[in-house]
Each structure stands twice: as structure tokens, then as C-alpha cells.
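Numbering (the working numbering), first residue to last: 600 to 1047.
See structure below.
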Amino acid sequence: MSDGIGHPLVQARMMLDWSQEGLASRLRAAGRQCGINVGTTKKTVSAWENYRQEPDGPTKDLIAMVFAVPDARREVLPWPLWLPAPEVPELYHPWTAAGTVASLDDVLRSGRMDRRRFVFLSGITLTTVLHQWLTAEPDIAHAAAGDGRRVSAAMVDRIARRIADLQRDDDTHGGGDLILDAEGLLALVRRLLKGTFASQAQRRRLYAQAADLLRMCGWMAFDTGHHATAQRYFTVALRAAHTSGDVLLGANVLAFAAVQQYSVGDPRDADVMVRTAQTAVRGRSTPVVSAMLAARQARALAKAGDGRACYRALNRATDLLGQGRRDNDPAWAYWVNQAEIDMLTGSCMLDLGRPAEAQTKFSAADAAYGPEYVRTHVLYLSRMATAQLQQKDVDAACASASQALDLATDVHSGRSTDHIRDVAKQLIPYRREPAVRDILERARTITA
């Protein structure tokens, strides 16, 4: 698990910009102040955060002291749940139409200002959100609302076209350049939901459009490394999809949230997200949507190291995709195709230590994707370079990395930059070779 994840202690110290050593030194100082001999080190803190060890009673008292946790909080919550946690008001609104609009207000007012790079939607919090999505009855507000202005069908159609354009622009340019556009359109949808008269069918459609836009904003925030922001958007997207009554749309939100979770969080939580989505859509899905969910589940299982279950999920995805498209496939599923399954399969093989198979899948998918999918090409060319390096083929890895670098200048994506940075690190042991030195120099320019 990479960028700061499930244990509440990680979140508590990152909210204060404390490193593991910074927390350890504060605990040692607090111990001296209290006349207690404390030997806490960075290694100790790491053991706590990875659930390998739990602090003893006196050390928990010192932890409460340095985080200024009141005794009343410790009396009602067990360790480590009494530690400070990020304030996320949209988690506490009711799962009603009014609660969805209030959550929209919250996330649009403060979501993008939240620059924290850790995730908070895990464990009990995640379980609660998923349970509410599965069990709450969809609730649509009365048709009459606001000041009496009427929403025109043409306006709702126009928003739908702009959403489709944004989705495809994101494939090309990455989220960094587009999130302001998506948020602006989302603000328009919120104003229509709050201040206009609309039929129930129109309001369902507007809530679905809000869910689509919130999902995009979450994806774009994740793409630029703002993980707390991304999860806030994904959480409200799930609410909006629920209010619209579109269970497949909610499943799509969870599928994208799962990518973030297995990338920078706990892959087991990502598996729970996907399995919840699969439960919700059973009997209502299409083969394409079910194939997408199975492939995302495979990625989570590969990240968790469960090869056997991963292979089963990949086989299921391939079989489902082979059943072909249906007239009732959602419009947002346009990108689910064999190339996408091959890309995800290659990534699974890489995670499971099978680089030759990974390279074969990456090559097939890279050839199948059109040139407009710039970010996708950067991501998987970088992964292909990793697979080639694991097979000691430095020349091929340099060729793949060079192609990725050529494309990276045309896309604003933190994930793409991170992939290139990772490949550059892996190439450092070969830096005496001229081709490698060239790649490292170009990578420094891109990742600076």
C-alpha cells in the first residue's frame, strides 16, 4: 500500500503534515515531559500503521496527548478510531434527494480545496457508505421546486452532449486541464436541481448527469494526485446515482473509485467495492458492464496477490465481453472493449510477476487503441517498459519509454507522470548506456 492509506494513524499525522519520524520525535518529547521513557522510532510508527503492532496503554496516552484527543472521545471509541479524522460533511447527510443536493453543495464549496494525498474511504467508513447505497430507497424530490422557472428538455440534452465531450477529452488530455470545466458544468446541474421546476423524469436525468460529472471530477482529481478530493467526489457521485435510480451508474462510480483504491489504497477495499457493485446489478446488468466489473475486480485481486482468483475474474471478463454489446448498454460504457481487457490483463500479469505475458497483452492493446487515447498509451507504454526491464531487455524498455515520453508532453496527468518517474527509477542502474541517459534526461524534464 503506497500513498497513505487505511490506518487512522496515517490520516491523523498527514492532516498535520507529520512524517513518521516527526510523530516519533513528538512522542519521545511527550514522554520526557511526563517522566516516561519512550523509545518510539520511525520503525515503531510504521509497525503501528501496518497493523503489525499496537501501542501499549501508556504510549496510547502519549499519542492522545500529542494529537490533543479529548478523554471523552477516547471513552466512546476504541483504538485507533479515536484518532483525529478528516471532516467530510457529505458522509453524514441522509440518503435522500435533499441530502444529495446538500452533499453537492459541500463538495463544490470545498472539495477541490482539499489537497490531501491520502484516502479516507476505507474500513468502517467504506462499509457504511456501501451499505447505505445498497439498502436506502431511492428518493426523488417533488417535481415542483425552486422559483418556478422550468427546465427545458433542450437544456438537459445540451448538458448530456457536453458530458460526452468531456469524457472523450479526458481520454486525450488528462484530468488536469478539464476538472474546472467539469466542476463548472456540475455547478450548473446543481443550480437546476435547486432552483427550477422539472418533471420527475427530468430530475432523475439531472441527478444522473450530476453523478456522471461527480464521477469525472473524482477521476480527474485522482489523475492529478488529490486523493481525498477524489474520494469526496466519488462518494457524492454514488449518492447522486442512487437518487437517480440508476444502479448501473452507481456501479460505474464504484468501479472508478476501486481503481483509486487499488492504486493508492488497500486493494482488499477495492475488491469489496466491486463485489458490492456486482451484487447490486445482478439481474439488471449487461454483459459489457459485467465484463468491466470483472476486469476491475481482477486488478484488485492481482494487487492483493491472489493470482488464482484474479485469473478467474479475467476469464469471466473475457467470456462476458465475448457475448457482445446490447442496445441497452449505458452510453458511458463506450470504452469497454477487448483492448481495455487486454490492458488490464497485462497490468495483472505484471503485478503477479509474469512480465512476458504482460508485455504480450500490452503490445496487443497498445496496437488496438486509437491515437486519441493519449493518456492510456502513456500509462501502458510505461508499464510495458517495466515488463521489458524485468526481462532484462533494456533496449526494448528504452524504446517503450521513449514513446511514452513523446506522448507525455501532450497530456496533463499526474498518473502518467508518476508512471514515467517509476520507469526512470528502474532505469538508473543502466545509466551508463547512452540510450538510458537520454531517457533519464528527458524524464527529468517531464517530471520536474
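We treat Cβ as the ideally placed atom computed from N, Cα and C, and that holds for glycine.
Rounded to whole angstroms, what is the Cα-Cα separation between residue i and residue j?
i        : j        : result
Tyr-972  : Pro-693  : 39 Å
Leu-978  : Asp-770  : 12 Å
Ala-894  : Gln-610  : 30 Å
Asn-851  : Leu-892  : 8 Å
Arg-831  : Gly-844  : 20 Å
His-1011 : Ala-854  : 22 Å
Asp-918  : Ala-890  : 8 Å
Pro-688  : Val-728  : 13 Å
Ser-790  : Asp-704  : The sequence given here has Arg at residue 790, not Ser. Spanning the two alpha carbons is a distance of roughly 10 Å.
Arg-915  : Pro-970  : 28 Å
Val-846  : Gln-958  : 36 Å
Thr-639  : Ser-618  : 13 Å
Asp-764  : Arg-924  : 22 Å
Glu-782  : Val-706  : 10 Å
Met-600  : Ile-940  : In this prediction, Met-600 has a pLDDT of 33, which is less than 50 and means its spatial position is unreliable; what the coordinates show is noted afterwards. Cα-Cα distance, rounded: 24 Å.
Ala-1050 : Leu-980  : As displayed, the chain neither begins before 600 nor continues past 1047, which places residue 1050 out of reach and without an answer.
Ala-742  : Lys-793  : Reliability fails at Ala-742, whose pLDDT of 43 lies under 50, so the model's placement of it is uncertain and the value that follows must be treated cautiously. If you take the alpha carbons of Ala-742 and Lys-793, they lie about 11 Å apart.
Gln-1058 : Met-664  : Any answer about residue 1058 is impossible in this case: the structure gives the chain only from 600 up to 1047.
Pro-886  : Asp-811  : 21 Å
Leu-801  : Val-755  : Note on residue identity: the sequence assigns Gln, not Leu, to residue 801. Each residue's alpha carbon lies about 8 Å from the other.
Arg-708  : Leu-785  : 12 Å
Ala-857  : Thr-1046 : 26 Å
Thr-1016 : Tyr-691  : 35 Å
Lys-642  : Asp-616  : 18 Å
Met-815  : Gln-632  : 49 Å
Gln-799  : Val-871  : 33 Å
Met-613  : Asp-926  : 47 Å
Leu-725  : Leu-779  : 27 Å
Ser-702  : Ala-827  : 15 Å
Tell me, please, which residues DSSP counts as bridged to residue i.
i       : result
Arg-749 : Phe-796
Exposed or buried, what is residue i when buried is set at 16 or more other beta-carbons lying within 10 Å of its beta-carbon?
i        : result
Arg-1030 : exposed
Val-700  : buried
Cys-997  : buried
Arg-760  : exposed
Gly-817  : buried
Glu-648  : buried
Ala-752  : exposed
Pro-669  : exposed
Gln-922  : exposed
Ala-797  : buried
Gln-877  : buried
Arg-656  : Checking the sequence shown, residue 656 turns out to be Gly, not Arg. When all chains shown are included, Gly-656 counts as exposed.
Ile-604  : With a pLDDT of 47 at Ile-604, under the threshold of 50, the modelled position of this residue cannot be trusted, and the question is left open.
Using a Cβ-Cβ cutoff of less than 8 Å, which residues in the same chain neighbour residue i once the five nearest sequence positions on both sides are dropped?
i       : result
Leu-951 : Ala-901, Gly-904, Gly-906, Cys-909
Leu-787 : Ile-758
Val-888 : Leu-847, Ala-850, Asn-851, Val-880, Asp-928, Pro-929, Ala-932, Val-935
Asn-636 : Gly-630
Ala-646 : Gln-652
Using 8 Å for Cβ pairs, my map puts residue i next to residue j. What's the rounded Cβ distance?
i        : j        : result
His-841  : Ala-735  : 7 Å
Thr-985  : Gln-1025 : 6 Å
Val-805  : Ala-836  : In the sequence under discussion, the amino acid at residue 805 is Leu, which differs from the Val named in the question. With 8 Å as the limit, Leu-805 and Ala-836 do not qualify as a contact, their Cβ atoms being about 14 Å apart.
Arg-838  : Tyr-861  : Actually they do not touch by this definition, with Cβ atoms about 22 Å apart.
Gly-630  : Leu-661  : 6 Å
Asp-994  : Ala-1034 : 7 Å
Gln-896  : Val-873  : 4 Å
Arg-982  : Leu-949  : 6 Å
Ser-875  : Leu-733  : The displayed chain sequence assigns Thr, not Ser, to residue 875. Indeed, because the Cβ distance is near 7 Å, the residues count as touching under 8 Å.
Gly-864  : Ser-721  : 6 Å
Leu-1004 : Ile-1019 : 7 Å
Just to confirm my understanding: we take residue i, look at its own chain, exclude 5 residues before and 5 after, and list those with CB closer than 7 Å. What are they?
i        : result
Ala-955  : Gln-990
Thr-823  : Gly-774, Gly-775, Gly-1013
Pro-1063 : Residue 1063 is absent from the structure shown; the chain starts at 600 and stops at 1047.
Ser-1001 : Ile-1038
His-772  : Val-1010, His-1011
Val-644  : Gln-619, Leu-622, Ala-623
Asp-768  : Leu-777
Gly-634  : none
Excluding the 5 residues flanking residue i on each side, which residues of the same chain have their C-beta closer than 6 Å to its C-beta?
i       : result
Gln-731 : Trp-694
Ala-938 : Ala-964, Ala-967, Tyr-968
Ala-829 : Gly-817, Ala-820, Phe-821, Gln-859
Gly-945 : Ala-957, Lys-960, Phe-961
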